[in-house]
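If you count the sequence shown from 1, position 434 lands on 1397 in the working numbering, and the numbers rise without skipping.
What follows is one structure encoded as structure tokens, with my remarks underneath.
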Amino acid sequence: MRVKPFFYFFIFFSIFILSSAQAEISPIILKIEHWSTKNGVPVYFVAKNEMPIIDIGVLFHAGSAKDNNSPGIALFTAQMLDQGTQNLNADQIANRFEAVGAHYSASTNQDMTALNLRSLSASPFFNPALNNFSALLNEATFPDLAINRIKKQMLIALQQEAQTPSAIAAKTFYKNLYGLHPYASPVLGDKISIEQLSQKKLLNFYNDNYVAQNAMIAIVGNTTKAKAITIAEQLSAMLAKGKTTLFSNPPISPHLKNHIIKVPYPSKQTTIFLGQIGIAVNDPDYFPLLVGNQILGGGILTSKLFNEVRNKRGLCYGINSGFKPMQVAGPFFIVLQTRRDQAAKALSLTQQTLKNFLAKGPTSQEVLGAKKALIGSFPTSIASNEDILAATEKIGFYQLPLNYLDSYQQKINSVSLEQIRQAFQRIKLERMIIVMLGQE
964 MRVKPFFYFF IFFSIFILSS AQAEISPIIL KIEHWSTKNG VPVYFVAKNE
1014 MPIIDIGVLF HAGSAKDNNS PGIALFTAQM LDQGTQNLNA DQIANRFEAV
1064 GAHYSASTNQ DMTALNLRSL SASPFFNPAL NNFSALLNEA TFPDLAINRI
1114 KKQMLIALQQ EAQTPSAIAA KTFYKNLYGL HPYASPVLGD KISIEQLSQK
1164 KLLNFYNDNY VAQNAMIAIV GNTTKAKAIT IAEQLSAMLA KGKTTLFSNP
1214 PISPHLKNHI IKVPYPSKQT TIFLGQIGIA VNDPDYFPLL VGNQILGGGI
1264 LTSKLFNEVR NKRGLCYGIN SGFKPMQVAG PFFIVLQTRR DQAAKALSLT
1314 QQTLKNFLAK GPTSQEVLGA KKALIGSFPT SIASNEDILA ATEKIGFYQL
1364 PLNYLDSYQQ KINSVSLEQI RQAFQRIKLE RMIIVMLGQE
């Protein structure tokens, strides 16, 4: 089983001209058309006729935040959809995609499960691929033999996770940061929960969450709007109406002072995660925080954290910071790895660098450089239909404006130094969750 990470965010396209003082924006207009199916499923469509390809995404509010008392059930359910339908077994499903050169994948994160199909657009190839995709979406049977096979694969993945320091530290970080909030549930689950999953539990999760009220569809590629309407109707017509089940913002960490969690691990390195509750996708501070974080730790080789902790003093192998905006507030985090005997010093310097940034903010030159870097990365980040699909899926799933891509560059460019300073005041140094994984 290939567990595909789904921690990617918004990808955008632009053509830009940079002056010494400001980036002059020449936006590329990506026309996104939007409607709803007869069953009430929102559809987002982008016509791209340069290549004979159609990419389709069907997304559900069925991420690990819906696991409840069965950690891992959201991912397990997604991995089971192509393991058997009313008329086909797993091998037959795979062979039918392969016969027409189509590719199917399923991904899960905290917020969502995404089912994606890529196919040639010519009818002899596309129609069989779409029928196969529609069948596994609407007619999955969750056969016991496949359940046992996927269980073994997920248990192996859990064993691999347990041998990966960064994965252990991240899991511990989320658990302590989110407590009883649904975001604390690990996407991959845990051994006890996976072993207890049954066909009945999986079918219940599927029936509750794979419904029209929880769904959206994105279509990108070489087809017409009329054909896209037909595609969306075929995919959604058999979905039960269901109901939307969302969740509230996580509470701010109750810890009044820094909370340090030490996790023993037999390694000469120490992995450190520190952070706190950050922002949701639609937070008004998103763009100031995006530009500011590029300066703090998002720029990797050019950031303040990298310069102070790695470049000047050689206290870590690598360090970066970031926000992970989600449906409700995702985390702000800083991650680094260092030698065991330098861990305390590296952590202290990281905290001091963050403290200085919060107190002084960036310089005008740093802000200009961050804007240039963010704007300059756009052309290569959305060079394919799949990239456009990913961006369209995010716009649809998080209900962002249809012109979000077109205005994105200008919103970055309009961020001021003072906005960055003000936005970062929401980061509270005294309320950090700190995970240190390694030997004492």
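Yeah, the Cβ is synthetic: ideal placement off N, Cα and C, and Gly gets one too.
Since the structure is predicted, the reported quantities are computational estimates derived from the model, not experimental observations.
Within the same chain, and ignoring the five residues on either side of K1011 in sequence, the residues whose Cβ sits closer than 8 Å to its Cβ are V1183, G1184, N1185, N1348, I1351. In this structure the stretch 1001-1009 touches the stretch 1189-1201; the number of beta carbon pairs closer than 8 Å is three or more.
The shortest CA-to-CA distance from A1120 to any of P1015, R1394, G1152, P1325 is the one to G1152. Pairing A1306 with T1233, the inter-Cα distance amounts to about 6 Å.
Taking a C-beta distance under 8 Å as the contact criterion, P1294 and G1332 do not qualify as a contact pair.
Taking all protein chains shown into account, Y1173 has 16 or more neighbouring C-beta atoms within 10 Å of its C-beta and is therefore buried.
Boundaries of the beta strand (DSSP E) around A1069: 1066-1071. Close CB contacts of N1167 within its chain, under the 7 Å cut and outside five residues either way in sequence, are absent. The Cβ atoms of F1286 and M1075 lie no closer than 8 Å to each other. In this model, A1092 and Y1249 are separated by some 38 Å (Cα to Cα).
In this structure, the CA atom of K1138 is about 45 Å from the CA atom of E1013. With respect to I1383, K1334 sits apart: the two C-beta atoms are not nearer than 8 Å. Here E1061 is exposed, its C-beta having fewer than 16 other C-beta atoms within 10 Å. As the crow flies, the alpha-carbon of N1366 is around 33 Å from that of D1030. Residue G1026 holds the alpha-carbon nearest to the alpha-carbon of V1291 among W998, G1026, F1088.
Rounded to the nearest whole angstrom, the CA to CA distance from N1094 to L1118 is 32 Å. The beta carbons of M1043 and A1109 sit closer together than 8 Å. The beta carbon of G1047 sits closer than 8 Å to those of A1053, I1056, A1103, T1104, F1105, P1106, A1109, all from its chain and outside the five residues before and after it, given in chain order.
By the Cβ neighbour-count rule, A1125 is exposed, with fewer than 16 other Cβ atoms within 10 Å of its own. Short of 6 Å from the beta carbon of L1252, and not among the five residues preceding or following it, lie these beta carbons of its own chain, in chain order: F1286, A1386. When rounded, the separation of the alpha-carbon atoms in P1213 and Q1049 is 40 Å. Cβ contact annotation for R1059 (same chain, cutoff 6 Å, sequence separation greater than five): N1095, in chain order.
In its chain, beyond the 5 residues on either side, N1221, L1237, G1238, Q1239 have a beta carbon closer than 7 Å to the beta carbon of M1395. R1303 sits exposed, since fewer than 16 C-beta atoms from the chains shown fall within 10 Å of its C-beta.
Put simply, of A1189, L1051, N1177 the residue whose alpha carbon is nearest the alpha carbon of H997 is A1189. Within the stretch 1299-1330, the complete alpha helix (DSSP H) segments of 4 residues or longer fall at 1306-1323, listed in chain order.
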